[in-house]
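Novice: Residue numbers (this note's numbering): 1453 to 1825.
All C-beta atoms, glycine included, are put in the ideal place defined by N, C-alpha and C.
It should be emphasised that the depicted structure is a prediction, and the values quoted were computed from it without experimental measurement.
Mind having a look at this structure? Questions to follow.
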Amino acid sequence: MQVRARPVHPDVTWTARSVVGRYRLDRLLGRGGAADVYEALDLRLRRPVAVKVFRPAGARRTDTQCGEEARLLARMHHPGLVTLYDTGRNGSRPFLVLQLVRGTTLRRRITRGVLTPAETCRAGAALASALAHVHGHGVVHRDVKPSNILLDRSDTPHLTDFGISRRVEAAEDAPEGAGTLVGTASYMAPEQALGRRTGPAADVYSLGLVLLETLKGEAEYGGAPLEAALAHLHRSPVLPSGLPAELARLLTAMTDRSPEVRPEAAACARILADPRTAGRASAPSAAPGSRAAGVHRSPRPRRTSASRPGRPAAGRAVAATLVTLGLTPTGSMGTAPAGEAATPPRDGAADGTRTSAPTSPLPRMNDRQRPIT
């Protein structure tokens, strides 16, 4: 796991030292809510690696967080994920040793310009396939966003940072509303923002917003964390005009506010991998930071309890919850002072009528019948 070196103040007591006599930490790559990520050299195997060193946050909680992430990663092997090599402890600091991916983050790639529909579909198919693998192992990522997606030198994406991931049954049986909201506000599914049960559909929603951002050059729900979280409840995303019909149709389904309507990650991967989905349209021309030419709002969706006049209970509830819990400087939310939402490497950037489409339904999260091809 690696990105280009960034102007982050390193911990001089850790840089250029060996961890348990085997891993030499060469430079700090990024800092997250709970850990620092270093480029390192495995002195035994003589190969470059990434070492994620957890910062002290109470011995029991730090050990639990590191152990949970390690156990989740150890069960999964996919070209769209970073591989876990080793775990250990150096004094009071637990650490993970991970695959080093040389390249950049999708966050930084977007700042250089929007992607074409073909490029978005290529990256999206790989990421959706990785999410399908994650979901197939009973895990929900819960923090899919551009800064948690690494692009290697061939522009192949790798989903990283499972610091707040959970087993599906744990995420569904212990909704966060009782005490904590976790995730990043700009990419958080509506049910996640409300502290309700969070399943694989929440990851599909977040991925849909990430793909939309690659086409527009800006986050769909920007601004302050509270503002972004509330926006998810009150309006649907705005699609650029001129998108190929199948791609627009898929993004509309992925970002539906109802989790039951969203397709499964495996279905998204199949559709995005189909060359017909990218069509022949060019990249959107709207400049980042504007919603001018070619972009306008979709038709008004069916009202929900969160948007119906006279019934703003859901909006008030999430607002009160967020204010009570507090927000981290990066937009991730949690009750822990600096550890609930680990997001290394940190990028510093803040993380149209809907196109007409065929009427055949997309496979939904609760539809296990024959998928669309």
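Express the C-alpha separation of T1707 and L1661 in angstroms, rounding to a whole number.
Specialist: As a working note, residue 1661 is residue 209 in the sequence shown. As a working note, residue 1707 is residue 255 in the sequence shown. Using only the alpha carbons, I get a separation of about 7 Å.
Novice: Give the DSSP-derived three-state secondary structure of V1472 in the structure shown.
Specialist: Translated into the one-based positions of the sequence shown, residue 1472 becomes position 20. In this structure, V1472 counts as coil in the three-state DSSP scheme.
Novice: For R1763 and R1687, I'd like the C-alpha separation in whole angstroms.
Specialist: Here residue 1763 refers to the residue found at position 311 when the sequence shown is read from its first residue. Here residue 1687 refers to the residue found at position 235 when the sequence shown is read from its first residue. Interpretation of R1763 is limited by its pLDDT of 42, a score under 50 that renders its predicted location unreliable; no figure is taken from the coordinates.
Novice: Could you tell me which of A1676, G1485, H1530, G1565 sits nearest to P1508, measuring between CA atoms?
Specialist: For this step, residue 1508 is matched to residue 56 along the sequence shown. Considering only alpha carbons, the answer is G1485.
Novice: Does T1539 come out as helix, strand or coil in the three-state DSSP assignment?
Specialist: Counting from one through the sequence shown, the residue named residue 1539 turns up at place 87. Strand.
Novice: Under three-state DSSP, which class holds D1607?
Specialist: Residue 1607 sits at position 155 when you count from the first residue of the sequence shown. Three-state result, D1607: coil.
Novice: Going by beta-carbon coordinates alone, are P1609 and E1665 separated by less than 9 Å?
Specialist: Position 157 of the sequence shown holds residue 1609. Position 213 of the sequence shown holds residue 1665. Going by C-beta atoms, P1609 is not nearer than 9 Å to E1665.
Novice: Straight-line CA distance for C1518 to G1694?
Specialist: Along the sequence shown, one-based indexing puts residue 1518 at 66. Along the sequence shown, one-based indexing puts residue 1694 at 242. Going by the C-alpha atoms only, they are around 45 Å apart.
Novice: In angstroms, rounded to a whole number, what distance separates the CA positions of D1655 and D1494?
Specialist: Position 203 of the sequence shown holds residue 1655. Position 42 of the sequence shown holds residue 1494. Cα to Cα, D1655 sits roughly 33 Å from D1494.
Novice: For T1776, is the classification buried or exposed, using 16 other Cβ atoms within 10 angstroms of its Cβ as the cut-off for buried?
Specialist: Position 324 of the sequence shown, counted from the start, is the residue given in the question as residue 1776. Confidence at T1776 is low in this model, with a pLDDT of 39, below 50, so its placement is unreliable and no value can be given for it.
Novice: Looking at C-beta atoms only, is the number of pairs between the stretch 1535-1543 and the stretch 1581-1591 that lie closer than 8 Å three or more?
Specialist: They do not touch, by the three-pair rule.
Novice: Along the chain, where does the beta strand (DSSP E) that runs through K1504 open and close?
Specialist: As a first step, residue 1504 must be located in the sequence shown, where it is residue number 52. Element bounds for K1504: 1499-1506.
Novice: Give me the Cα-Cα distance between L1640 and Y1657, rounded to the nearest whole angstrom.
Specialist: Counting from 1 along the sequence shown, the entry for residue 1640 is found at position 188. Counting from 1 along the sequence shown, the entry for residue 1657 is found at position 205. The question names Leu, but residue 1640 is Met in the sequence shown. Roughly 8 Å between the two C-alpha positions.
Novice: Please report the distance separating the alpha-carbon of E1570 from that of V1620.
Specialist: By 1-based counting over the sequence shown, the position of residue 1570 is 118. By 1-based counting over the sequence shown, the position of residue 1620 is 168. Residue 1570 is actually Ala in this sequence, not Glu. Taking the straight line joining both Cα atoms gives about 32 Å.
Novice: Can you find the residues in the same chain that come closer than 6 Å, C-beta to C-beta, to S1552, ignoring five residues on each side of it along the sequence?
Specialist: The residue labelled residue 1552 in the question sits at position 100 within the sequence shown. With the sequence shown as reference, residue 1552 is identified as Leu, and Ser is not the correct amino acid for it. Here the set comprises Q1454, P1500, V1501, A1502.
Novice: Taking DSSP as the reference, what is the three-state secondary structure of D1488?
Specialist: As a position in the sequence shown, residue 1488 is number 36, starting the count at 1. Of the three classes helix, strand and coil, the one that applies to D1488 here is strand, per DSSP.
Novice: What would DSSP say about P1546, mapped onto helix, strand or coil?
Specialist: Taking the first residue of the sequence shown as 1, we reach residue 1546 at position 94. P1546: strand per DSSP, three-state reduction.
Novice: Using only alpha-carbon positions, find the residue among D1488, L1481, A1492, G1482 that is nearest to G1473.
Specialist: What you label residue 1473 is simply residue 21 of the sequence shown in a count that begins at 1. Answer by Cα proximity: A1492.
Novice: For the alpha helix (DSSP H) containing T1563, name the first residue and the last one.
Specialist: Here residue 1563 corresponds to residue number 111 of the sequence shown, with the count starting at 1. Taken as a continuous stretch (DSSP letters only), the alpha helix (DSSP H) holding T1563 covers 1558-1563.
Novice: So, helix, strand or coil for P1598, using DSSP?
Specialist: As a working mapping, residue 1598 is identified with position 146 in the sequence shown. In the structure shown, P1598 sits in a helix (DSSP, three-state: H, G or I).
Novice: Does DSSP put L1695 in a helix, a strand or coil?
Specialist: Position 243 of the sequence shown, counted from the first residue, corresponds to residue 1695. In this structure, L1695 counts as coil in the three-state DSSP scheme.
Novice: Which same chain residues end up closer than 6 Å to G1635 when comparing Cβ atoms and leaving out the 5 residues on each side of it in sequence?
Specialist: On the sequence shown, residue 1635 is found 183 positions in, with the first residue counted as 1. So the list reads R1594, D1595, Q1644, once near-sequence residues are dropped.
Novice: Roughly how many angstroms lie between the CA atoms of A1700 and A1577, to the nearest whole one?
Specialist: As a position in the sequence shown, residue 1700 is number 248, starting the count at 1. As a position in the sequence shown, residue 1577 is number 125, starting the count at 1. Cα to Cα, A1700 sits roughly 15 Å from A1577.
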